[in-house]
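For reference, the structure discussed in these notes is given below.
In our numbering, the protein residues as written are 165 to 436.
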């Protein structure tokens, strides 16, 4: 049975979060999802919102690391609130940072915004993020009052670490997947098919995807990146797309141009 909070957000299965308190979400992704009792946010960069009636404008990222980080955290908080949780319930933060010298500063700024050190902080030094911003952040918060912080941490701990397939709590995790192909678009299609095959073996599928960490390489930027967007548009056309963070990677083992960490809901528990 699906548990529902007073705001009407389903706890056990995948429900899309919508809010106008953040910039429009580019690409084929959800701003946020509630799944398995947790709120998952998509990755954001620190670009100011465009005032109403000026949607055609394309503002540049904020000038400083502090400004970018605070803007991102504000957007993540708005998605979290729309999902029925609060920033005080954040249990995991993923930081994708272009300058390795900024790691400690980013950790400090996130801690300052939240008011505490998140129990899980996954840091990635990357080659670049969208719009040549300094960083991209996403986070995960507890939404279900029946799930403790400690339980949520243990459920999420395997994600995006050791490569392979893991079942943890209500989720299935496929870490470090890659697939062959002549172009980024072909590799995306092949990788999604590979992920779907592996998910179906454990009673899940692409339609149950909640979160993706996407690392790609391309000789030039944006280069062939639109191929990835077009491929995911086709794959996610018939269901609510997952949240995701997409970054340029310093390196991926040849001949691969793309590597993805997947987190999906597993099969619904039997009540017989």
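Glycine included, every Cβ here is placed at the ideal spot set by N, Cα and C.
Separation of residue 284 and residue 246 (C-alpha to C-alpha, rounded to the nearest whole angstrom) is 22 Å. For residue 303, the closest of 254, 277 and 294 by C-alpha to C-alpha distance is 254. The residues 173, 179, 247 and 307, in chain order, have a CB closer than 6 Å to that of residue 198 in the same chain once the five nearest residues on each side in sequence are set aside. The residue from 201, 196, 265 and 222 with its alpha-carbon nearest to that of residue 241 is 196.
The alpha helix (DSSP H) runs of length 4 or more contained entirely in the region 257 to 318 are, from start to end of the chain, 267 to 278. Every beta strand (DSSP E) stretch that sits fully inside the region 359 to 397 and reaches 3 residues is listed by chain position as 373 to 380. Each residue's CA atom was taken as its position, placing residue 231 and residue 256 some 21 Å apart.
Note on geometry: alpha-carbon atoms of residue 281 and residue 311 lie some 19 Å from one another. In the structure shown, residue 192 adopts coil according to DSSP, grouped into three states. Shown here for residue 213: same chain residues with a beta carbon closer than 6 Å to its own, the five before and five after excluded, namely 187 in chain order. Residue 355 sits away from residue 373, with the two beta carbons spaced by 9 Å or more.
For residue 246, the enclosing alpha helix (DSSP H) begins and ends at 229 to 246. For residue 339, the enclosing beta strand (DSSP E) stretches over residues 335 to 341.
In the DSSP assignment, residue 332 falls within the unbroken beta strand (DSSP E) covering 328 to 332.
Here residue 411 is not near residue 315, since their CB atoms are 9 Å or more apart. Look at residue 422 here: in three-state DSSP terms it is strand. With a beta-carbon spacing of about 16 Å, residue 207 and residue 226 fall beyond the 8 Å limit used to define contacts. Cβ-Cβ distances below 6 Å link residue 258 to 286 and 302 in the same chain, with the five nearest sequence neighbours on each side left out; the list follows chain order.
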